[in-house]
Amino acid sequence: LSNGRAVLAIGRGGLNILNPLCIDISKPLSTLREFIDVFKRIVKGELVDYEGEVIKLRGVKLAFKHTNKIPIYVASMGPKTLRLAGEIADGVLLPSVPPEYVRIALENIEEGCVRSGRELKELDIACSVISSISSSHEKAFRLAKPYLVYCLAVMPDQVLESVGMSRRDVMPIVKALPNEKKAVEEVTDEMVKKFAIAGDIEDCMKRIREYTDAGVTQLVFSAPLGEDMGETIKSLGMELSRRFR
Numbered sequence: 003l004s005n006g007r008a009v010l011a012i013g014r015g016g017l018n019i020l021n022p023l024c025i026d027i028s029k030p031l032s033t034l035r036e037f038i039d040v041f042k043r044i045v046k047g048e049l050v051d052y053e054g055e056v057i058k059l060r061g062v063k064l065a066f067k068h069t070n071k072i073p074i075y076v077a078s079m080g081p082k083t084l085r086l087a088g089e090i091a092d093g094v095l096l097p098s099v100p101p102e103y104v105r106i107a108l109e110n111i112e113e114g115c116v117r118s119g120r121e122l123k124e125l126d127i128a129c130s131v132i133s134s135i136s137s138s139h140e141k142a143f144r145l146a147k148p149y150l151v152y153c154l155a156v157m158p159d160q161v162l163e164s165v166g167m168s169r170r171d172v173m174p175i176v177k178a179l180p181n182e183k184k185a186v187e188e189v190t191d192e193m194v195k196k197f198a199i200a201g202d203i204e205d206c207m208k209r210i211r212e213y214t215d216a217g218v219t220q221l222v223f224s225a226p227l228g229e230d231m232g233e234t235i236k237s238l239g240m241e242l243s244r245r246f247r
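Given below as structure tokens:
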């Protein structure tokens, strides 16, 4: 269906989501390592018997032929998982982190690359960023804030610290939940500046440059994008083509 464009992005998952489902994630690194190993073998068409610490399979094989390689991205912010990504993945997906943390993440990814005899440049470094573009600065920030609520509420301490923040700064958001309207009121403009791409097209182009300068090779623009998502995608695409080719 994708004509070779499909990729697989996998992460450990959030405790706030997985704990209520009674899904055991007590061994996240082992689970990720084993899953990636198994996935690579299965998509190659192998008949897989696997006896791992977490994953156990008996005679598993795809029921159809598959010829295109599916790149594997590890979605993570934590140092151990980032090192694992550098060791065995094709790319990394950094979720909603600022450029300051991208640089820290790259150090961990590169450590993993060294383990497997690879260079950092062999990996695609993707980063998804909440993006809001509008000719009105105030409107762009207002549209971004609801999307930042849950992002900031669960943001790891090391990511907050990379931009001079601490857990104390986001606790008003955490305490306001599940009242989303109240939680949005606790998201400051400064938080938007640090964790989103927001403002008019010029502001956003400068912010995009900060990410690429930090080492991001692929930006994933996350909602809301703008008041009219379709028009925003068109204008953003035109500006990116003009400035980054």
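Here the sequence shown is numbered in the working numbering, starting from 3 and rising by one per residue.
Think of the CB as a built atom: it goes at the ideal place given N, C-alpha and C, for glycine as much as any other residue.
None of these values were measured; they are calculated from a predicted model.
- Ranked by how close their Cα comes to the Cα of L23, the residues P30, K29 and G15 have G15 in first place.
- Here V76 really is in contact with V94; their C-beta atoms are around 6 Å apart, less than 8 Å.
- Residue pairing for D51: DSSP places it in no beta bridge.
- If the five residues before and after M207 are omitted, its C-beta is found closer than 7 Å to the C-beta atoms of E241 and R245, all from its own chain and listed in chain order.
- Residue burial annotation: A200 is buried, with at least 16 other C-beta atoms found within 10 angstroms of its C-beta.
- In this structure, E192 lies away from A178, with their beta-carbon atoms at least 7 Å apart.
- In the three-state reduction of the DSSP assignment, D171 falls in the helix class.
- Here the alpha carbons of S168 and V151 stand approximately 15 Å from one another.
- When C-beta atoms of the segment 220-234 are compared with those of the segment 117-136, three or more pairs fall below 8 Å, so the two segments count as touching.
- If you compare the alpha carbons of E53, I57, G47 and P73 with that of A65, the shortest gap goes to G47.
- Here DSSP, grouped into helix, strand and coil, assigns V156 to coil.
- The beta carbons of D51 and R43 sit no closer together than 7 Å.
- Residue E109 holds the alpha-carbon nearest to the alpha-carbon of R85 among K71, A198 and E109.
- Per DSSP, the unbroken alpha helix (DSSP H) holding K184 starts and ends at E182 to E187.
- The DSSP-derived three-state label of D39 is helix.
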